[in-house]
Amino acid sequence: MNKVIFFIDGFNLYHALNYLQNDKAHDRLKKYKWLNLEKLCHYYLGNDALEDIFYFTTLATWNHKKADRHKTYIRALEYVGVKVIYGEFKRKSVFCLKCNRIFRTFEEKQTDVNIALKLFELAVQDRYDKAVIISGDTDLLPAIKAVHSIFPNKQIGVVIPIGKRSEDMKNYTDFHFKMKERHLAQSQFEDEISLPDGSKLEKPLKWK
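Position 63 of the sequence shown, counted from 1, bears residue number 104 in our numbering, the numbering being contiguous throughout.
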């Protein structure tokens, strides 16, 4: 039985759901943000053994309400055994040609680097036979190619988030899955989660 580790690009997955949410025909999909990743991963596990799940994310610290929702979600993930690795946002200046002004915004950094490093680290430690990456981000391709080159016996697969396409990711991985709405619908946390310490986590109202 193969040992499998999942590497989840939280930023890529979140924006896949947000993109669909903006489509009036798919507004219902916002409720899927309360996603139990441990359950979701079992749709792509087959008969193999789940070794670990890593969730790579970044907190929008300048937006307190959004950050609080995210922290609640992270606590829910940790409750089911998901390991969280943080990146960060960097300030970025963007020039608007139409209005001739400079705006300050934030750009997510480090997620792809963190995934690449962890993919390599755990390959060196022989922690997995198969790695499954949940992302459509082609910035991960160099890391995938490098692991294949150095560890040819290890398989790397990809799950493309709902609503996204990434032919390059499919072409350079050993296997791939397409995330479907039923996977999301059947992998939700309960609206209220009771933790061992007696505290409770509630699904954010904005995600209902």
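All C-beta atoms, glycine included, are put in the ideal place defined by N, C-alpha and C.
Worksheet entry | C-alpha gap between E222 and I185, whole angstroms | In the sequence shown, the residue the question calls residue 222 occupies position 181. In the sequence shown, the residue the question calls residue 185 occupies position 144. Rounded to whole angstroms, the gap between the alpha carbons of E222 and I185 is 27 Å.
Practice prompt. Drop a sphere of 10 angstroms on the beta-carbon of D238, count the other beta-carbons inside from all chains shown, and report buried for 16 or more, exposed for fewer.
Written response: As a working mapping, residue 238 is identified with position 197 in the sequence shown. D238 should be labelled exposed.
Worksheet item: Between N203 and I174, is the Cβ-Cβ spacing less than 8 Å?
Response: Position 162 of the sequence shown, counted from the start, is the residue given in the question as residue 203. Position 133 of the sequence shown, counted from the start, is the residue given in the question as residue 174. The residue asked about is misnamed: residue 203 is Ile in this sequence, not Asn. In this structure, the beta-carbon distance from I203 to I174 does not fall below 8 Å.
Fill in: Test item: CB-CB of G177 and I156 under 8 Å
For the purposes of this step, residue 177 is taken as residue 136 along the sequence shown, with counting starting at 1. For the purposes of this step, residue 156 is taken as residue 115 along the sequence shown, with counting starting at 1. Their beta carbons are not under 8 Å apart, which means G177 does not touch I156 by this criterion.
Fill in: Bridge partner(s) assigned by DSSP for Q235
To locate residue 235, count along the sequence shown from 1; it is residue 194. Looking at the sequence provided, one finds Ser at residue 235 rather than Gln. In the DSSP output, where bridge partners are listed per residue, S235 has K241.
Worksheet item: From K106, N53, G87, pick the residue whose C-alpha is nearest to that of K171; which is it?
Response: Position 130 of the sequence shown, counting from 1, holds the residue named residue 171. For the options K106, N53, G87, the alpha carbon positioned closest to that of K171 is the one of G87.
Worksheet item: CB-CB under 6 Å to E75, same chain, minus the five flanking residues each way: which ones, in chain order?
Response: In the sequence shown, counting from the first residue as 1, residue 75 sits at position 34. The sequence as given places Trp at residue 75; Glu does not occur at that position. Here the set comprises Q229, F230, K244, W248.
Worksheet item: What three-state label does DSSP hand V125 in the structure shown?
Response: Numbered from 1 along the sequence shown, position 84 holds the residue referred to as residue 125. Under the three-state reduction of DSSP output, V125 falls in the strand class.
Item to complete: Pick out whichever of T179, R168, T214 has its Cα sitting closest to the Cα of S190.
Response: For this step, residue 190 is matched to residue 149 along the sequence shown. Nearest of T179, R168, T214 to S190, Cα basis: T214.
Fill in: Collapsed DSSP secondary structure at K247 in the structure displayed
Counting from one through the sequence shown, the residue named residue 247 turns up at place 206. K247 falls in the helix class under three-state DSSP.
Practice prompt. Rounded to whole angstroms, what's the CA-CA distance from K71 to N59? Just pull it up for me.
Written response: Here residue 71 refers to the residue found at position 30 of the sequence shown. Here residue 59 refers to the residue found at position 18 of the sequence shown. The straight-line gap from Cα to Cα measures roughly 7 Å.
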